[in-house]
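Heads up: the protein sequence lines correspond to chains A and B, in order.
So in numbering that gives the first Met the number 0, the last spot in the first sequence is 251, and the numbers never skip.
So in numbering that gives the first Met the number 0, the last spot in the second sequence is 445, and the numbers never skip.
These notes concern the structure reproduced below.
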Amino acid sequence: MIRIKGLTVSREGDMILRDVSMEIITGEKILLIGANGSGKTSLARVLMGDPLYTVISGSIDVVKNPGSTEKVTDLLSLDVHERARRGLFVSFQVPVELPGVSAYEFLHAAYRSLHEKDAHIKDIDDLAADIDKLAKTLAISPAILHRGVNEGFSGGERKKLELLQMLILKPRYVILDEPDSGMDVDAVRKIAEVVEVLDPEVGVLLISHDAQRIGIKKFDRIFIMEKGHIGRVGGMELVEEVARKGYETHAA
Amino acid sequence: MQHNSTGISRVVIEEISAAKNEPGWMRRKRLEAFDIFEKTPLPAVGPVNQLKDLDFKKIHYYIKPQGHLARTWDDVPEEIRKKYDALGIPEGEREYLAGLGAQYESEMIYHSLRQELIDKGIVFEDMSVAVTKYPDLIQEYFGSVIAVDNNKFAALNGAVWSGGSLVHIPPGVYLEAPLHNFFQMSTPSQGQFERTLIIAEEGSSFEFIEGCVAPLYSETSMHAGVVEIVIKKGAHVKYSTMQNWSKNVLNLVTKGSYVEEEGVVEWVDGNVGSGVTMKYPSMVLAGRKAKGQLVSLAYAGDGQVIDSGGKAIHLASETVSRIESRSIVKKGGRSSFRGSVTVDKNADNCRSSVECVSLHLDDGARSETYPRFTLENASAQTSHESSILRITEEQLLYCMSRGLSAQEARGAIVGGFVEPFSMELPMEYAVEFDRLVEMEMADGVG
């Protein structure tokens, strides 16, 4: 699992996260909700290793299982790609364009770097067949896969491609940052479907400001972020409460 | 015969012509070109600083091919040997590419192609041989596209040219396999003052490839080739160049095409090596509905100056031209693009688009664009776009978040940038070219 402990972070001199603690356990789904600007995306970017953020104190470690104090990997000491190679996948809220680099080439390069030590590594043709199959499931038009990654994609197409990448790259920890933004209703349904079919050993952190829209039935824990810190932790009842009363009630 | 001495004079030219047993008319052409060379100043625009110290007296103008055989593998710079390793060039081919004169394996490929050429009546001959074998073709077309006074280096080529090819494709003939200029050379270093003339008769179609992706080591510092292509009604010629000479080379090439009604010329031009490059392939669209396209890619690493571009001259109605230029520039490198489009007053409804994109790999890169449109007919539709791109932090972060190292990420992004160019290359070239890009990215960028 990934254990975030007492994480305090600044960005360009501004305090962005304060004393954030959270565990992303393999096999569990957790939900992070909160008002716009509360720091949810910042947490995703810090997990990924965005150099724009400075960690002032706290830790992010990959440890063996709940309760264990045995430190396996200090993620903060690793570069962005090394974190990915430890099984971390962070979807982007606004995925950037890579002109001329097709999804096939890009995913093949990424897959190779992530799974180079696997005994059953897929070759480029098998991988392409998998991509085509998933594109069909996600209702991604085959034509856009031959363009550059995200090149001229609509917002919804970009978000679908993020899901496709997640499914191809087979990470152990998935952080989905507002995966539904820019998607139409039909596409949003796919998110829940896709998350449900993930390997049961994958740990999921879903970040959203409108969790009900995504329609995942069950989360193991729910966190509400308020002005850079975790205001409340609870179960599914928090989702309904926020839907009724908004975030204001929880503000200190 | 003092062919291995340096310098140029009427006597040297007489000697070159005599050594080749040329007829009088070619000797006179050479001498006329020499007079023009002497009178013509160096170019006023372009890499002026790099050219101003050029000492024409110190250049070897004619080297007997056998001279190269004395060299050994140890004479080839280590940098180039390493690149051959990294590119996975086979042993035998390396010696050839490094100018050691070994047999190139494509000799074998050419052997089977030769029968097809004979069957189809295609002429593909070493230019020096062609002068006596096909004097009518040479007398009619030599210098017809690139006039001898086009520029100082074209005049120099006219005076001292050696090597190159004559290609003549009969009417309606279609050749699937591309012809390669290596087929006519015992070593690539012979390309110093190459002279190539291509004549595609009505309705014919073929592709010509010049150079190679692998770095070529050249002892000779100045290369001034001339390529002329004549495209008759409805004919289609694609001419692809990959230039990766060692950095000591000044590559000053003049290339041009003349396209008749409904003919098509496609220039694909990649310039990766050489210290200084000047090259602006031209397309004279002389017949109705003629089309010309130039897709080029230049790489200017540290200490490299690339001055390139293209010229489209629309003389007839409904002619179409497209110039797409890409350059990758590193600190200490400089890329200048000169795109010029001219539409004649009698040419109605012509279209032309010029696009120039430069990718700066760091803050020290320099690139400039000099577009020039001369439109004498109001019906012309033209567009011009130019832009400078940089690899953004967000792009790097995105790639790295999917597992690519910073270097692999840069390689992937640069690979995407060159894609519109490499997709024009023949398959095996495209693969080698992509590897070359990866290698260059791994070289200098931390």
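For glycine and all other residues, C-beta sits at the position ideal for the given N, C-alpha and C.
{"Item": "Would you mind telling me which residues of chain B sit closer than 8 angstroms to A:R84, beta carbon to beta carbon, in chain order?", "Value": "G402"}
{"Item": "Starting from B:A456 and walking both ways along the beta strand (DSSP E), at which residues does that stretch end?", "Value": "What the structure shows of chain B is the stretch from 0 to 445, and residue 456 of chain B is not part of that stretch, so it cannot be assessed."}
{"Item": "I want to know whether the region 174-181 of chain B touches the region 258-276 of chain B - three or more CB-CB distances under 8 angstroms.", "Value": "no"}
{"Item": "Could you check the C-alpha separation between B:P170 and B:R26 for me, to the nearest Å?", "Value": "31 angstroms"}
{"Item": "How about B:I327: is its C-beta nearer than 8 angstroms to some C-beta of chain A?", "Value": "no"}
{"Item": "Assign B:T318 to buried or exposed, taking buried as 16 or more other Cβ atoms, counted over all protein chains shown, within 10 Å of its Cβ.", "Value": "buried"}
{"Item": "Counting Cβ pairs closer than 8 angstroms, one from the region 1-20 of chain B and one from the region 200-214 of chain B, do we hit at least three?", "Value": "no"}
{"Item": "Kindly list the residues whose CB is nearer than 8 angstroms to the CB of A:P65, restricted to its own chain and excluding five residues on each side of it in sequence; keep chain order.", "Value": "M0, E22, I24"}
{"Item": "Measure from the alpha carbon of A:V61 to the alpha carbon of each residue in A:E200, A:A142, A:Y172, A:I221, then state which is nearest.", "Value": "A:Y172"}
{"Item": "Please name the residue, chosen from B:I412, B:L396, B:P134, that lies closest to B:R389 on a Cα-to-Cα basis.", "Value": "B:I412"}
{"Item": "DSSP three-state call for B:D306: helix, strand or coil?", "Value": "strand"}
{"Item": "Taking the C-alpha atoms as reference points, what is the distance between A:R111 and B:S295?", "Value": "31 angstroms"}
{"Item": "Does B:S386 pass the burial test, meaning 16 or more other C-beta atoms within 10 Å, or should it be called exposed?", "Value": "exposed"}
{"Item": "Starting from A:M14, follow the beta strand (DSSP E) in both directions and report where the run begins and ends.", "Value": "13-23"}
{"Item": "Which runs of the alpha helix (DSSP H) fall wholly inside the region 333-403 of chain B and span at least 4 residues, in chain order?", "Value": "392-400"}
{"Item": "Write down every uninterrupted run of the alpha helix (DSSP H) in the region 48-107 of chain A whose length is 4 residues or greater and which is fully enclosed by it, in chain order.", "Value": "79-84"}
{"Item": "Check whether the Cβ atoms of B:V340 and B:S320 lie closer than 8 angstroms to each other.", "Value": "yes"}
{"Item": "Identify the residues that DSSP records as bridge partners of A:L6: which are they?", "Value": "A:V19"}
{"Item": "Determine, using beta carbons only, whether B:K231 and B:G262 come nearer to each other than 8 angstroms.", "Value": "yes"}
{"Item": "Run through DSSP, which three-state label would B:K254 get?", "Value": "strand"}
{"Item": "Starting from the C-beta of A:L87, find all residues in its chain whose C-beta is less than 6 angstroms away, skip the five residues before and the five after it, and write them out in chain order.", "Value": "Y172"}
{"Item": "I need the boundaries of the alpha helix (DSSP H) containing A:L163, first residue and last residue.", "Value": "154-168"}
{"Item": "So which residues on chain B does A:A108 lean against when the C-beta distance must stay under 7 angstroms?", "Value": "L403, E407, A411"}
{"Item": "Can you pull the DSSP bridge partners for B:M221?", "Value": "B:L249"}
{"Item": "Kindly indicate the opening and closing residues of the alpha helix (DSSP H) around A:G230.", "Value": "Careful: A:G230 lies outside any alpha helix (DSSP H), inside the beta strand (DSSP E) at 228-233."}
{"Item": "Measure the alpha-carbon distance for B:P280 versus B:I58 and round it to whole angstroms.", "Value": "25 angstroms"}
{"Item": "In whole angstroms, give me the CA-to-CA distance for B:G66 and B:R350.", "Value": "Confidence is the limiting factor: at B:G66 the pLDDT is only 41, short of 50, which leaves the residue's position unreliable, though a coordinate-based value still follows. About 50 angstroms."}
{"Item": "Suppose you measure from the CA of B:V444 to the CA of A:L113; what does that come to, to the nearest Å?", "Value": "With a pLDDT of 43 at B:V444, under the threshold of 50, the modelled position of this residue cannot be trusted; read the value that follows with caution. Approximately 23 angstroms, taken between the alpha carbons."}
{"Item": "Leaving aside the five residues before and after A:G48 along the sequence, list all residues of the same chain whose C-beta is less than 6 angstroms from its C-beta, in chain order.", "Value": "V79, R82"}
{"Item": "Mind listing the chain E neighbours of A:S112? Cutoff is C-beta to C-beta under 9 angstroms, in chain order.", "Value": "Chain labels in this structure do not include chain E; the protein chains are A and B."}
{"Item": "Who are B:G272's beta bridge partners in DSSP?", "Value": "Bridge partners of B:G272: none, in fact."}
{"Item": "Should B:Y397 be flagged as near chain A, meaning a C-beta pair shorter than 8 angstroms?", "Value": "yes"}
{"Item": "Provide the residue span of the alpha helix (DSSP H) that contains B:F36, from first to last.", "Value": "23-38"}
{"Item": "Taking beta-carbon pairs under 8 angstroms, can you tell me which members of the region 411-440 of chain B lie near chain A?", "Value": "A411, I412, G414, G415, F416, V417, E418, P419"}
{"Item": "Helix, strand or coil, according to DSSP, for A:G147 in the structure here?", "Value": "strand"}
{"Item": "Given a cut-off of 8 angstroms, decide if B:G163 and B:E193 are closer than it, judged by their beta-carbon atoms.", "Value": "yes"}
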